[in-house]
Structure formats: structure tokens, C-alpha cells
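Protein chains in written order, with the numbering used here: chain A, 198 to 295; chain B, 2 to 380; chain C, 438 to 908. We put the CB at the ideal spot given by N, CA and C, even for glycine. Structure record follows, encoded as C-alpha cells.
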Amino acid sequence: MFKRADEDARRPVTIHVEGIAVEAREGDSVSAALLASGLDVRRTTAVSGARRLPYCMMGVCFDCLVTIDGVGSRQGCLVPVTEGMQIEIQKGKREIGR
Amino acid sequence: MIGDYDVAIVGGGLLGSAIAWGLGRLGQSVAVLDEGDIAKRASRANFALVWVQSKGLGMPAYTGWTVRASKAWPTLNAELKEQTGLDVALQQNGGFHLTLGEVEYAQRTELVARMHNQVGAADYRMEMLTAAEVKKMLPLIGPEVSGGSFCPFDGHVNSLRTFRAFHTAMKQLGVDYFPEQPVSSIAREGGEFRLATARGEIRAAKVVLAAGNANQTLAPMVGLSAPMGPTRGQIVVTERTMPFLPHPLTTIRQTDEGTVMIGDSKEDELDDRVLNQPINAVMADRALRMFPHLARLNVVRSWSGIRVMPRDGFPVYDQSETHPGAFVACCHSGVTLASNHAFDIAGMIARGALESELVGAFSARRFDGDATPNGSGYY
Amino acid sequence: MTAPKRDHYDVVVIGAGPAGLAATATAAGAGLSTLLLDENAGPGGQVWRAIDSTPVTTRALLGADYWSGAETVQAARTSGAEIIHRATVWSLDRNLEIGVSIGGGSAFIGADHVIIATGAQERPFPIPGWTLPGVMTAGAAQTMLKSSGLVPDGRTVIAGQGPLLWLLAAQILRLGGRIDRVLDTTARSNYLAALPHAFAFMTSPYFAKGLALMREVRAKVPVISGVTELAAAGNGKLASVSYVAGGQRETVPADLLLLHQGVVPNVNLAMAAGVDHRWDELQLCWSPVLDADGNTSVAGIAIAGDGAGIGGAQAAVYRGHIAARAATAKLAPTTAVKLEPMAGLRQKLACAERGRAFLDVLFQPAKQFRIPADDTIVCRCEEVTAQEILDSVKIGATGPNQLKAYRRTGMGPCQGRLCGLTVTELMAEARGKTRDEIGYYRLRAPVKPIMLSELASLPQTDAATQAVVRG
């Protein structure tokens, strides 16, 4: 869906998406990195299980909810990537204690 | 809009709509007059409990009335589902009031003893459980939980869906609903009641005041009284999470949708638009101490509501002697008592008389003089 | 992620977009203790997003308007204000207590004056299939472009109307991104309606810029005008976009659909604080009731920028200066007289707003794109359709709050940001009432979610404990 512009000279950052290593860039939000990864990063809603991807990328739609380093329901579009980050795609309702 | 009805009901909340549906089922022609979108609707601001334990300390008749409602709820559930297709998620597998620390445990134990010692109390099997016993039923409780009281008749329901079900069902039965038409005065002329609203007059052979705290102002218009003592309560609501709470508590419940409701507070404050943040902090803190795993769950909403609360906490059901055909009905537990309102009260109103055996104790005459019972239906 | 140094400031500014940065520069520059809080990782809000971190450094690509923001950012940074990023404000009340969440912990900050500069958001665009993966807003694509240099490379359709649509399309193309089609939903009848304002527009800076952008895009991408119907389809993700233009229906395969029909004020914090709003019939949104200095109906709370009414970046800057100057006049009157006179600021604001009326009329979204039918989802969070809302009106729901009780619309984490306008308009049409008569959701803190542990760690009082611990 998205490709990186040639002039992007930012430092690469490695994150893990469902255990798969993905190269992001310093300054990417988690959601941007997920959308650029080419992986299927669709979440499913807690209401009906419908599939969603980020819609607004500015923190108002809440369709970018994702589990980051074990903590669920983070708004991925507002969290910058860090080296070694563990991302899990959120399926349905928030898990107990995560 | 101007018409002659068998019954006009002032107030379209859970109580008014339950009675309206009940009367509709009996073939009565009914008009319901209601406020608009912005109103102090306790029907939209409650904890959805169908609750028995600790009800009626100081008034055994209330204990009996509550147990009766609890037993009738499955019938209500089934009928609403059959008529509207809506499942209101009734769950009646018992509920808890948990305590934190030894002092709270001792206080609750004492309350349970007082209930058991009450003469004429129905046996509703409210009992104290130790922390270990609670843990068998609620595996995720935290170490500060010292135990609590449990009653197998307690339960909860999706009260908003119940509200919707009543309104859907009553419409199907031909009940006329008039929102944005609060009643300003009621007169009895020519053997019927005339209710004045900003958009014209409604006439009916009988009138039922089901306007919550506003009953206090309306009741004298028909020779009745309904002394109220409303309080404000706050609630915090979380996002949906996987089911973890198989029984409701007085202060925490998990809805059928998966959201967690956390309460509750009591203040002599009647502005429902302002939030008291320290109260939210206390409620959140206690909830976390009861269920530590909730720590990272997100709070997505918080609101406050004004409780419909008769002065001593017990319901008021009355019929007027000076204005025959006028009734007043208000209570705090509009969810728990919904079944009684739909079946018993509606039936009594259709027949023209409240049954003293069932509801005689709830006449507002009890407020005359010094005859106020000890204790309250609500703590 | 640092905690605020004080627990009380003269001025707290919420939002580091053009208005917030300008207000901060003025207030702190005048010597007032000033705190600027912003949810994002860096300054700029939406329009100047990622201005100090964007990988797209070749100036011509993002354009002069974007880079002009660097000056305002610098002014705020050198003003002496305390600036905290990744700080989410979730509560504001009439006592001017601000609840803010930073790094997973919350605290309350006090202020003598609050300037809300939380700006605007994309207007909801509820077409069939708008919740499908692969449907995003133009603003989302702009964010990805500015913050991460990411551009569409699959089959891409851009649909909607308004100046930002053309700006985005141009920027994508300049960076080598792919756009297969632009679908322009500007209502034909609006051209005539906008004519009375045409002169002011043509003599404003927008005119030449707008024409140039449109020409740039039309040279490379097929543009379909007069689109009257739009729908997205797919099974679990976007597969195609269908539209009607000139009476003809077309369907094109697509991996990405970017929607835009203007922006609207982000009202949640202001409304939850008790600020009065009224329906703006021209901009078709809720606008706060303000005086000329940006002061609201709540003493001590002002609003600056697009949150005060959509006016664009330049107007936002001047509104920010005006609001901060008014705060300075209130809190430090002797210092205020040394600042740029208010009359000068107001004149600059008027100049920056010249030509807006034309845009507002021309780009009023057509009704069918604001008010959906049948199975189209209105509330994305709770997945409630237009038909379900109409069913609730039939059983007597008179407004959004009773609707919320019946159907849970507005109960999700977005708190009505993506459904509220649609709900108000849908109910108004169904009931034959004005938007003001229907009203809006009653909003309360937290206006953005916070963890239960954060709430639990906030200050408790004896009175609060007694109110809760009973029986």
C-alpha cells in the first residue's frame, strides 16, 4: 500500500511484528511502520470481530489500536518506534492483564 | 395528541415504561409523557443490578417485594425477548459485596447479622464468605480482599437494552409516547385527568406519576405526596475486555459487552454535569485492589447520575383519595423492581386499586409524623 | 517524557499546532509562566506535522507554506515556555484543573488561564464501506508522507473535495507516489452559491495557490468532477471503489482510498470543560461561542486556531497571538502594553481570513456524503448503522444522548469524534428539527482514555473516601 520516498535518510530501527523482524525508520509511528511493512496488520474489533486498519493517523479514530511491548490498546499512530519493540496485532477484546 | 386514554403516565424512564408496557399488555390505551434528550434520567445512569442482598433493613416488606421481583425477572426477560427479539442479558447467578481489609469485613458481618435478625425478613440467604471462599468463585481477586457478603439471588442485566426493549415493546402494543412534553400541571375535571404540557393537553381516566425525583413536585397536584432525597453517584467505565468477572459486585460489574463498570459514590450534590475527580480516584483505587489485573485497562468514560431516591430509601406507591384514579410510583431500584412494575403494579392500576398486602407498606403516609422506619433501602 | 516542573502555571496551552505555538511564544515571551502540552512526539499539529523531523527535506516537495511553520516553532522554543510532548490532556474543568497523562502516569495541573488549541480533525465521511481496511483520510496520508516519507504505491483513489485534497495529491505525486484517480465530490450547485464571495477569494492568497495545485495534479491524474455517489467495497479489506458522476456509475479496483471533505473543530476537550457551542450553518459543524479575544463561556478558558472555527494555519497563528495577548492583558497588564497592539493583530487575522467564505460555501459537503442511509456504519467504534439510528428515532429517541442509551453510539473510545456530526444531522433530518435543537453528545472527562491505574493514583480526599466507602 505504501512505499518509502527515496530521500528518506533516517536511521533504520528494527521492530518485531508478531515475532517477525521489520525494518522501520527512526521517527516512524508504530502504525506507519506497520502499514509500510507489507504484512497483514489488520486488527479485529472487540464488538463484531470486523477487520480494521488505521483510518485517521492522528489519534481520533482509535482504529490503530495495537499491543506494544505487552500492553494492549495503545494508539499505534501516537507511539514512536524504538529498537526491539514487540508489536502484536490486537484481536477482539483486550486480554486480561495485558 | 389530544386524546382520551385509559392511563396517562408521567415519565418514560424504566419505571414509567415498565408500567406502560404492562398496561399495554392488558389491552389498556396508554399515553406516556416524557422529557427530552437532556434530562436527569436515572434510567441512563444506573448500575444495572438486579439486587436482593441487604435490601429492606428496617422494612421487611421491602425485602419481600425485592425477592418477588428477582423471582419474576426471568419471566420479564423471556417476554421482552419474545416480543422484541432483544436479549437483555439477564444473569442471576449470585452477587457479592466485597470488603477490603478487616475493618470493612467486620462492618459487613454486622450488617448481615442485623438483616438475619430482622423479624419478618424473607429468607434470601445473604451470607458472609471468607477471602478463600470468595476466591473460589472469583479467582482474580487481589490479596487485600478480606471476603464479602454473597447472595445467590443477586444478579444484573443490561439495563440500557432493557430500557430500549420496554420502549420498543410498548410501541408495538400501541402505547403513545410523547417525548419533549414535560407536564406542568394536572387537574381533575369531569371525572378525568387533564395533563397540561407545552404542546397541548392529554386527557386520561387515570394518571400515574412515574417521574422520578420530579414526583415530589407533581404529587401534590393530585393530593399525594412523594418526599424525595436524591443523591449523586459517579461511575467509571472501561473499554471492553475478555470476560473475567462471573458474578456482579455492588461496586464492579462486567457487562455482557465486556466493558467494566466501576462505582459507586453518594454525594448530596445535584449537578450531574460536573465530575468529582477524587471520587473517581477512590473508586478506581478500590477496584484495582479488588482486581489488580485491571491496572492497565483503559477508562473510556465517566459520568454521574442523580439517583431517584425516596426520602427513606424505600419505594413510594400510593393512590390518591382526593383524586381517585391518580397513582404515584417511584423507587430507587428501578432495574430490580422492573418486573414487579410491569406485572404487579400495572395490573393493580388496571384494576383501579393498589393491593395493600403487597405494597401497603410503601404508602407515603409513613412519612406523616414520626413514623419513619429505621434504616434505609440504600446505603 | 518529563513531568511538568510546577503544579500551577499562569498559562497552559493545549496543542502545539500553529495557534498553540504562537500563543506560547507570546505568553512566555511576555514573562508569564507558560506550559505547552501536546500529544504528538514533536511540534506542528497537523498542518506543520513533523516539521523538525520529516525525512522529506527538499523544500519544494512539501512547499513553502509548510516550511513557514519553522519560524513559529522556533519562536515557541526560545520563548522560555516549558514544552512537553507526548502529553495527553484528558480532563479540563471550570476550575481550570488540567488532567494530563505523560508516560503512563497522570497528574493535575492548575492554571490561571487555559488556551485550548487542539485544532481540527477530518470531517467524518460515512460512505458504504468506509470502515474497510485500506480506507483512510487524506490527513492520514499526509501524516504518513510528512512524518515518514511514505507514499501510496498500490492502486490508489483520492475522493472528496476541498483545498487539502489537491495539496495532498500534489505532494504524493511530487514524491513519486501513485494516484490512479481523483474523484471530486464538490457539489455543482455550490459554484453558483459561492459566486458572491468570489472577488474576496480571487484577491486572497488561496486563489493562485489553489489553481496551481489543481493544474499540477490534473496534468498527471484523471480527475472526475461532479461525483454524486461514492462507495467502497471489499471482503475484509478494500477491493474496489464505485462512484456515480454525470449519471454514470463506474467501479475501479483499489487498494487504498483516501477520503477528505474538509476539517471540523475537535470539540471534545472544550465541550467536556463546559464551553458553550452552537451549530455553524455555513461550516456545518459545532463552533464554540467566543468573544473577539477567543474567550469562551467558561471564565479563564480561551480557544485559538481551527478549534475556534476553521480558518487555516495563518489565521490560527494570529488567533493564538490574540488569545495570548488577551491573557497577558489580564494577568500582567503592565507587560501587555509593550506587546504588538491588538488592533494590528486583528487586522492581520482579517487579512488571513479573507477568501475563507468562498471556500466554505464552495466546499460545503453535499448532504448524501454527510448523512448516510441504511447499512452504512455511522458509529465506527460501536458499529451502529444509519438504519439502526433511525429505528431508535422511531421509538422516541429525540437526541444523541437518548440514542446513546439505546444503541451505544458515542460510547466508544473516540467519544463521538467520528460519529457525532453524522448523528446530529441524521436525527435532525429524520425529526425535522434544526441541528441546534437536536444538540450533541454530552461529553465528559476523560476525553481520551487513560489507564485505571492512572486514575487510581490521583489525589484522594477524606470526603471522597467517605462518599465511596459505605456499608
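Residue j beta carbon less than 7 Å from that of residue i
i      : j      : result
C/A487 : C/A761 : no
C/V821 : C/P837 : no
A/D237 : A/P251 : no
C/E909 : C/A752 : Only positions 438 to 908 of chain C appear in this structure, which leaves residue 909 of chain C out of reach.
A/A243 : B/R241 : yes
C/V726 : C/P455 : no
B/L276 : C/A882 : yes
B/A166 : B/S340 : no
B/D38  : B/G13  : no
C/S538 : B/A296 : no
C/D713 : C/G556 : no
B/K267 : B/T218 : no
B/L15  : B/F164 : yes
C/L587 : C/V510 : no
C/R807 : C/S829 : no
B/Q54  : B/G156 : no
C/Y643 : C/G781 : no
Boundaries (first-last residue) of the beta strand (DSSP E) holding residue i
i      : result
C/H697 : L693 to Q698
C/A736 : C/A736 -> no beta strand (DSSP E), and no H or E assigned at all.
A/K200 : F199 to R201
C/C816 : I814 to C816
B/W52  : Looking at the DSSP string, B/W52 is not in any beta strand (DSSP E), and its letter there is neither H nor E.
C/I564 : Careful: C/I564 lies outside any beta strand (DSSP E) and carries neither H nor E.
C/W723 : C722 to P725
B/S303 : N299 to I307
B/L34  : V31 to L34
The alpha helix (DSSP H) enclosing residue i, as first and last residue numbers
i      : result
C/T461 : P455 to G466
C/A637 : A635 to M639
C/P570 : Note, C/P570: premise wrong, no alpha helix (DSSP H); not H, not E.
B/M138 : A132 to M138
C/S470 : Per DSSP, C/S470 belongs to no alpha helix (DSSP H) and is neither H nor E.
B/F167 : S160 to Q173
Proximity test, residue i beta-carbon vs the ligand SAH heavy atom, cut-off 6 Å
i      : result
C/K885 : Among the ligands in the structure shown, none appear at all, so the ligand SAH cannot be discussed.
**Q.** Against chain C: residues of the stretch 285-311 of chain B by CB proximity under 8 Å
**A.** A285, D286, R287, A288, L289, L295, A296, R297, L298, N299, V300, V301, R302, S303 and W304
Q. Are three or more beta carbon pairs between the stretch 648-658 of chain C and the stretch 558-565 of chain C nearer than 8 Å?
A. no
Q | Short-range partners of chain A found in the stretch 851-863 of chain C, where Cβ spacing is below 7 Å | A | C851, R854 and L855
Q | contact_flag[the stretch 214-232 of chain B, the stretch 171-190 of chain B] where n(CB pairs < 8 Å) is 3 or more | A | yes
Q.
Please give me, in chain order, every unbroken run of the beta strand (DSSP E) with length at least 3 that falls completely inside the stretch 190-275 of chain B.
A. 193-198, 201-210, 233-239, 253-255 and 261-263
Q. Taking contact to mean at least 3 C-beta pairs separated by less than 8 Å, is the stretch 299-306 of chain B in contact with the stretch 319-333 of chain B?
A. no
Q: Determine, using beta-carbon pairs with one atom in the stretch 702-718 of chain C and one in the stretch 858-878 of chain C, whether at least three such pairs fall under 8 Å.
A: yes
Q: Mind checking the stretch 242-254 of chain A against chain B and listing, in chain order, the residues whose C-beta falls within less than 7 Å of any C-beta there?
A: A243
Q. Using Cβ-Cβ distances below 7 Å, what residues of the stretch 158-171 of chain B are close to chain C?
A. L161, F164, R165, H168 and T169
Q: Check distances from the C-beta atoms of the stretch 218-234 of chain A to those of chain C and list, in chain order, the residues that come in under 9 Å.
A: A221, R222, E223, G224, D225, S226, S228, A229, A230, L232 and A233
Q: May I ask you to list, following chain order, the residues of the stretch 15-37 of chain B that have a beta carbon less than 7 Å from some beta carbon of chain C?
A: G37
Q: Select from the stretch 234-268 of chain B all residues with a C-beta closer than 7 Å to any C-beta belonging to chain A, and list them in chain order.
A: E240, R241, T242, M243, F245 and G259
Q | contact_flag[the stretch 314-327 of chain B, the stretch 252-259 of chain B] where n(CB pairs < 8 Å) is 3 or more | A | no
Q) What are the complete beta strand (DSSP E) segments, minimum 3 residues, inside the stretch 794-836 of chain C? A) 814-816
Q: Jot down the residue ranges of each uninterrupted beta strand (DSSP E) in the stretch 585-654 of chain C, minimum 3 residues, whole runs only, in chain order.
A: 587-589, 593-598 and 618-621
Q: Mind the definition here: the stretch 461-469 of chain C touches the stretch 566-583 of chain C only if three or more C-beta pairs lie below 8 Å; say whether that holds.
A: no
Q | Residues of the stretch 581-609 of chain C with Cβ closer than 7 Å to any Cβ of chain A, in chain order | A | M581, S584, S585, G586, L587, V588, P589, D590 and G591
Q.
Tell me which residues of the stretch 253-282 of chain A have at least one Cβ-Cβ distance to chain B shorter than 8 Å, keeping chain order.
A. V268, G269 and S270
Q | Three-pair Cβ contact test at 8 Å for the stretch 354-374 of chain B versus the stretch 195-208 of chain B | A | no
Q: At 4 residues or longer, and completely inside the stretch 55-110 of chain B: list those alpha helix (DSSP H) runs for me, N to C.
A: 61-85
**Q.** Selection of the stretch 174-190 of chain B by Cβ proximity to chain C, strictly under 8 Å
**A.** Y178, P180 and E181
**Q.** Positions along the stretch 870-887 of chain C whose CB lies within less than 8 Å of some CB in chain B
**A.** I875, G876, R879, R881, A882, P883, P886 and I887
Q) Is the stretch 684-696 of chain C touching the stretch 587-594 of chain C, taking contact as three or more C-beta pairs under 8 Å? A) yes
Q) If we count Cβ pairs, one from each stretch, closer than 8 Å, do we get three or more for the stretch 492-506 of chain C versus the stretch 607-622 of chain C? A) yes
(Q) Using 8 Å as the cut-off, can you tell me whether the stretch 149-160 of chain B makes contact with the stretch 125-140 of chain B, which would need three or more C-beta pairs spanning the two stretches below that distance? (A) yes
(Q) Would you call the stretch 278-295 of chain B in contact with the stretch 259-266 of chain B, where contact means no fewer than 3 C-beta pairs closer than 8 Å? (A) yes
Q) Should the stretch 200-219 of chain A be regarded as contacting the stretch 501-513 of chain C, the criterion being three or more beta carbon pairs within less than 8 Å? A) no
Q: With 8 Å as the limit, tell me which residues of the stretch 807-839 of chain C have their beta carbon closer than that to any beta carbon of chain A; keep them in chain order.
A: R817, C818, E819 and E820
Q: Give, in chain order, every residue of the stretch 47-64 of chain B whose Cβ lies closer than 8 Å to some Cβ of chain C.
A: S55
Q.
Can you pull out the residues from the stretch 485-517 of chain C whose beta carbon lies closer than 9 Å to at least one beta carbon of chain A?
A. R486, A487, S490, T491, P492, V493, T494, T495 and L498
Q.
Which complete beta strand (DSSP E) runs does the stretch 293-372 of chain B hold, if anything under 3 residues is left out?
A. 299-307, 317-320 and 327-331
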